[in-house]
Each structure stands twice: as C-alpha cells, then as structure tokens.
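Visitor: Residues in the sequence shown are numbered consecutively from -9, following the working numbering.
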Amino acid sequence: MEQTQAFSVQRISMQESLSRQIARQLEALITEGKIPVGDKLPTESKLCDMFGVSRTAVREAIAHLKSMGLVETRRGIGTRVLRSAPASAFPARRISATTVEDILHVLELRLALDSQAAALAAERRSDADIEALTRAHEALVAASREGGQARQEDYRFHRAIVEASHNPFFVTLYDQLHEGAIPRTKLVAVELDPAAMTHYLERVAREHADVLEAIVAGQPAAARDAMLRHLQRAYDNYAVYLDRPRG
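The following block contains the structure:
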C-alpha cells in the first residue's frame, strides 16, 4: 500500500500498551478519512515497520479495531476498513423512557462539568493525583475483564478527575451525583444485555485511557476534547433508546 508514506504516525512508547497505542493511531487514520472505507490497512509487515513493533502487537491492535467494528480481516485479502466511525455498543436491551430522560439530563450536566474538570486536572494534577487516576483506571479495566459492570470503578475514575481539578465546588457538586452520574447504575438487571456489556466497557476503558493520557501529559485542550468525545458518545448511545420500541 503505497500511501503509507503519507501517513503520519508516532513511534511507540514503552510506557503503555503497545497494541493500544497502535490501535488508537490507526483508529484516528480511519476516522479522519486518511484510510477510507473500503481501503485496506497496510500489511502486518508494513505496520511493524511504521510503528517499530512486533507482529504480536500489530495483531492485537487490529483485534481492537475489529472489536470496534471498524475493520474486517479476510484470509488472502487483508484487513479492510468497514466504517469510518466505531460501531455503537448498547449496554441494554431496552430502557424505560423515564429512565432514559434521567440519564440524558445527567449527561448534559456532565458534558460541561467533567470536560472542564478534565482540562483543569491536566493543568493542576499532582503526582498523587496521577497515581490515584492510574489506580482508578486500572481498577475499571480489571472489573470489566472479570465480567462485572464496573459501575463503582467508573464513578471513581471520574471522581478522581474532579478531585484533580482542585476546585472544591466541583467536588461538592459531583459528590451530590454520586454513582448516579454513571448511566448504567440506573438500569435494572432485566434491562441489561450481558453480551454487549463487555464490548461497551472495552470502549469505555479506551476512552478513559485517552483522557488519562492527556491529563498525565498536561494537555488541557486534549483532556477536555477526550472527555467531551467520551460523554457525547454515551449521550448519543442512550438517546437512541428514546426512538426504540420498549417492552
């Protein structure tokens, strides 16, 4: 694939998952249209050269892209781009209209609150804040891998960001929301879709990792944007239920 020369990619750091770094950069190339729908990704060999990694890391990254519904791999053909945006994963089979409205109202508040808190955290975070955020993120990843819903872990990660903003009024407001800030805490067992939950939480973990990376790097605009993308995706996912038949 000759256009690989036009791709601008960053060499891989050893300080975080190799496959996640690769997957994130490839996802950006796809969503920005630099690898259009229908085109194939560079071969494994070329991707190894581009990123300076082993085939194992490349294969794991492509598996991440498959789980997001962005690409498919066919033997003898290669890996082709299926869509320019990740497929949505819905955590529930159905949700009552009243519950959806409550979830959307909270997310409207959080789109402003969490995004600004993330930007402030990138400016003001201390070493202790970074440690707390990292532990919270790792706890969410572990909980999701164990098949849990990671409700408390999700809240603790966002609460740690608010704490790292070092604005006591943000903290007071967030504590009033408590775990109700996390949409799936409002869902009852009969509404949940266990098969979709794993995929949903993998997406949440990837988005959290993007926010965390920007905060650790001290990049307020990137932290705000990553949080906005994360919460807007959640808002759009749950808004769909208002138009779905409910039983």
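Glycine included, each C-beta is placed from N, C-alpha and C at the ideal position.
For Val27, name the three-state secondary structure that DSSP assigns.
Guide: Three-state result, Val27: coil.
Visitor: May I ask you to list the residues that DSSP assigns as paired with Val71?
Guide: Answer is Val61.
Visitor: Rounded to a whole number of angstroms, what is the C-alpha to C-alpha distance between Met40 and Glu203?
Guide: So the alpha carbons of these two residues sit roughly 22 Å apart.
Visitor: For a test of the three-state rule: what should DSSP assign to His156, helix, strand or coil?
Guide: The answer is coil: DSSP assigns His156 none of H, G, I, E or B.
Visitor: When burial is assigned at 16 or more other CB atoms within 10 Å of the CB, is Phe159 buried or exposed?
Guide: Phe159 is exposed by the Cβ-count criterion.
Visitor: Given a cut-off of 7 Å on the beta-carbon distance, is the pair Ala111 and Ser155 in contact?
Guide: Yes, they are a contact pair.
Visitor: On the three-state DSSP scale, how would you describe Leu94?
Guide: DSSP places Leu94 in helix when its eight states are reduced to three.
Visitor: Is Val71 near Ile12, with beta carbons less than 7 Å apart?
Guide: No, the Cβ-Cβ distance between Val71 and Ile12 is not below 7 Å.
Visitor: Consult DSSP for Leu177 and reduce its assignment to one of helix, strand or coil.
Guide: In the structure shown, Leu177 sits in coil (DSSP, three-state: anything other than H, G, I, E or B).
Visitor: Quick check for students: name the residue ranges of the alpha helix (DSSP H) that lie wholly in the segment 91 to 151, counting only runs of 4 or more.
Guide: Taking only runs of at least 4 residues, the alpha helix (DSSP H) segments lying wholly in the segment 91 to 151 are 117 to 135.
Visitor: Measure the C-alpha to C-alpha separation of Thr188 and Met217 and round it to an integer number of angstroms.
Guide: The alpha-carbon atoms of Thr188 and Met217 are separated by roughly 21 Å.
Visitor: Let me confirm a value: Arg64 is counted as buried when at least 16 other C-beta atoms fall within 10 Å, else exposed. Which label applies?
Guide: Exposed.
Visitor: When you compare the segment 85 to 97 with the segment 121 to 131, are there three or more beta-carbon pairs, one atom per stretch, that lie closer than 8 Å?
Guide: Segments in contact, no.
Visitor: Using CA atoms only, rank isn't needed, just tell me which of Gly68, Ala102 and Leu167 is closest to Gly28.
Guide: The candidate whose alpha carbon is nearest that of Gly28 is Gly68.
Visitor: Which of the three DSSP states, helix, strand or coil, is assigned to Gly170?
Guide: Reduced to three states, the DSSP call for Gly170 is helix.
Visitor: Report yes if the C-beta distance between Leu97 and Leu221 is below 7 Å; otherwise report no.
Guide: Cβ distance < 7 Å, so Leu97 and Leu221 count as in contact.
Visitor: Keeping to the same chain, check which residues put their C-beta closer than 7 Å to that of Leu60; ignore five residues upstream and five downstream.
Guide: Glu17, Ile20, Val71, Leu72, Arg73 and Pro76.
Visitor: If you count every other CB in all the chains shown that lies within 10 Å of the CB of Tyr228, and 16 or more means buried, which is it?
Guide: Its Cβ being crowded by 16 or more others within 10 Å, Tyr228 is buried.
Visitor: Let me confirm a value: Thr89 is counted as buried when at least 16 other C-beta atoms fall within 10 Å, else exposed. Which label applies?
Guide: Buried, since its Cβ has 16 or more Cβ neighbours within 10 Å.
Visitor: Span of the alpha helix (DSSP H) holding Ile20?
Guide: Here the alpha helix (DSSP H) through Ile20 covers Leu8 to Thr21.
Visitor: Leaving out five residues before and five after Ser105 in sequence, what residues of the same chain have Cβ atoms less than 6 Å from its Cβ?
Guide: Same-chain partners within the cutoff: Arg214, Met217 and Leu218.
Visitor: Between the beta-carbon of Ile247 and the beta-carbon of Tyr145, is there less than 7 Å?
Guide: Look at the range of the chain in this structure, -9 to 237, and you will see that residue 247 is not part of it.
Visitor: Is any heavy atom of the ligand NAD found at a distance shorter than 6 Å from the C-beta of Pro173?
Guide: In terms of ligand content, the structure shown is empty, and the ligand NAD therefore cannot be addressed.
Visitor: Between which two residues does the alpha helix (DSSP H) harbouring Gln222 extend?
Guide: Taken as a continuous stretch (DSSP letters only), the alpha helix (DSSP H) holding Gln222 covers Pro210 to Ala229.
Visitor: Among the candidates Phe(-3), Leu99, Ile205 and Glu136, whose CA atom is the shortest distance from the CA of Ala150?
Guide: Among Phe(-3), Leu99, Ile205 and Glu136, the Cα nearest to that of Ala150 belongs to Ile205.
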